[in-house]
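Residue numbering for the sequence shown is 1 to 410, as defined by our numbering.
Even for Gly, the Cβ is constructed at its ideal location relative to N, Cα and C.
Below is one structure; the comments refer to it alone.
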Amino acid sequence: MDIPLRPEGPPKGLRKETPPTIRQEVYGGRPEQIGELKREDVIRSAAEAKEVQDELATATPRQVQITDRQQILLGDFANTGRLEDNKLILRDDVAQELAGKAKDFVKSRRFIKPWYFFQGNKTATEYGSPFARNRSTQTAIRTLDGERKVFLIDPRGSTIHRISDTIFRRAFGHPARKVSVKEWKPLMFEKSEIPVLQQDGESGQELTFPYGSVVAVPYISNVNGVDYFANNKRIEFPDEYKWAKEAKLEDKMQVGEEAMRVAHDVHSRGKAWGEMATHNSLIVKKPDGNITVIPADTEVEYNSNIPATEKYARDIFDLTVTIAAGLNKSEGITGEGYDGVVSRLFGAYKNKEVIENVGKLVKPLSLKQRILYPIYEGLRYNGLPMKEYLRITKAMQKAALPAQSVANAS
């Protein structure tokens, strides 16, 4: 099946976010680092600069403007505390109730069986997904005050999965690792796009909130990326997720392009993800009806000696393969059909240097890698058969590198 080139103009159902303003600085935002936006583009006169400075000097966090995307990321917790960088410092009453919910969650968590490295734990979803899974953490959705939904994550018990994952990553030449339980929480604070829920206190106290190793973030109504791209026809969604159930090929292509734009925004802020893939992505329908993508699951960290451009390229490599894998499973895309998919996805990312590095990551599989593929790489790419993986990566190489380079590489 061929994928048509995207028509001119913004994709139907998707709309670019409002450009960030200098007012974001109270939350740690730095507009001069987001894409091509520069400070002089935001403050166009000395008079306006003075007006903004006066506002910031007297404003409280609730008085300061936040973007539509920040509002989405806060979920039901918009008026429950103050936002500092990517932390939401909760009021005492909300923090106490959350701590109780987290403690109950820890008591109810299950022992992670060794074979869950292959099967994984079910990721908590409102629609009871049988396909969205995580091989190291346990998750739950809880409700505070009968109205505020929170997403709880507990990484304990992941040692066997972390060790096994590291061994397989080395076998496939992936310069990354799943971090230890001790590192997991600080990395979540550093990388999470969704604000981490916290209480007032010193840093040592913050690391034990809401309870032990548990991390809490606002729950955002979403469809897991692997369900949206690969399994939407196989899941009985509630009516509120009808938009995901009815998604067609073109809808998925537009959401895939949105995922690439979001990845570009994350990278332009100097942040590499580690394993940016559909199973680590939240597909969210905004109040205005448009659809956006939120990266999730921060537990994979690249080796420190890897150049930033290569880190970004590896993010895009994984994201492209998993989107294409989903379209193969749900829409029957294969062979030359991948050319159109990859071309549109790469075109949405808008960074030629990173895309060229994606092409350089495509390498033939060794005999050892071919033997191990079904029990690791194939699982990491959501059950993608090796022959389809090779077809997808061939399309990626062709789209990323000049024709002569592809000829030389072959």
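Check, Outcome
"Start-to-end residues for the alpha helix (DSSP H) that takes in G100", "D92 to S108"
"Classification of N357 by the beta-carbon crowding that lies within 10 angstroms, buried from 16 upward", "buried"
"Sufficient close CB pairs (3 or more, under 8 Å) joining the stretch 324 to 331 to the stretch 377 to 396", "yes"
"Euclidean distance between Cα positions of E336 and R380", "23 Å"
"Assigned exposure category for D315 - 16 Cβ within 10 Å defines buried", "buried"
"Assigned exposure category for K242 - 16 Cβ within 10 Å defines buried", "exposed"
"Contact set for D476: own chain, Cβ-Cβ below 7 Å, skip 5 residues either direction", "This structure leaves residue 476 out entirely; the chain is present only between 1 and 410."
"Contact check, G274 vs V300, beta carbons under 8 Å", "yes"
"Closest Cα partner of H174 within the set L345, K122, R234 and Q369", "Q369"
"Beta-carbon proximity list for V215, same chain, < 7 Å, skipping 5 on both sides", "I153, K185, M188 and V196"
"Bridge partners - N121, DSSP secondary structure assignment", "N134"
"Close beta carbons around V362, own chain, < 7 Å, minus the five adjacent residues each side", "T393, M396 and Q397"
"Cβ-based burial, L345 [other Cβ within 10 Å; buried from 16]", "buried"
"At least three beta-carbon pairs within less than 8 Å, the stretch 123 to 138 to the stretch 224 to 243", "yes"
"Simplified DSSP state of S221, which is helix, strand or coil", "coil"
"Proximity to L319 [Cα-Cα], best of V342, I355, A277 and T309", "A277"
"Exposure of N305, with buried meaning 16 or more beta-carbon neighbours within 10 Å", "exposed"
"Rounded straight-line distance, which links the Cα of A313 to that of I291", "24 Å"
"Where D154 sits in the DSSP three-state scheme", "strand"
"For A78: DSSP bridge partner residues", "Answer by DSSP bridge pairing: none, since A78 is not bridged."
"Y302 versus A176: straight-line alpha-carbon distance, rounded", "4 Å"
"Simplified DSSP state of V300, which is helix, strand or coil", "strand"
"Counted within 10 angstroms of its Cβ, other Cβ atoms place A308 as buried (16 or more) or exposed", "exposed"
"Integer Cβ distance of A417 from E236, believed to fall under 8 Å", "Residue 417 lies beyond the residue range present for the chain, which begins at 1 and ends at 410; the question has no answer from this structure."
"Proximity below 8 Å, CB of Y376 to CB of L365", "no"
"Per-residue burial, I72 [other beta carbons within 10 Å of its own, 16 or more giving buried]", "buried"
"Segment limits, beta strand (DSSP E) that includes R177", "A176 to K178"
"Helix, strand or coil at A324 [DSSP, three-state]", "helix"
"Spatial neighbours of T80 in its chain, beta-carbon cut-off 8 Å, leaving aside the 5 residues before and after", "L88, L90, R91, V94 and R148"
"Inter-residue spacing [alpha-carbon to alpha-carbon] between T412 and A140", "Only positions 1 to 410 of the chain appear in the structure, and residue 412 is not among them; the question remains open."
"Endpoints, alpha helix (DSSP H) assigned at K285", "Taken as a continuous stretch (DSSP letters only), K285 belongs to no alpha helix (DSSP H), being part of the beta strand (DSSP E) at S281 to K285."
"Assigned exposure category for Y27 - 16 Cβ within 10 Å defines buried", "The pLDDT assigned to Y27 is 33, lower than 50, so where the model puts this residue is not dependable; a value taken from the coordinates is nonetheless given after this. Buried."
"Residues that K149 bridges to, as DSSP identifies them", "T143"
"Beta-carbon contacts of F105 that lie in its chain and below 6 Å, excluding the five residues immediately before and after", "A140 and L152"
"Residues of its chain near E238, where Cβ-Cβ distance is below 8 Å and the 5 sequence neighbours each way are ignored", "Looking at the sequence itself, residue 238 is Pro, so the reference to Glu does not match. Counting only Cβ-Cβ distances below 8 Å, and skipping sequence neighbours, we find E126 and Y127."
"Start and end residues, beta strand (DSSP E) containing P295", "I291 to P295"
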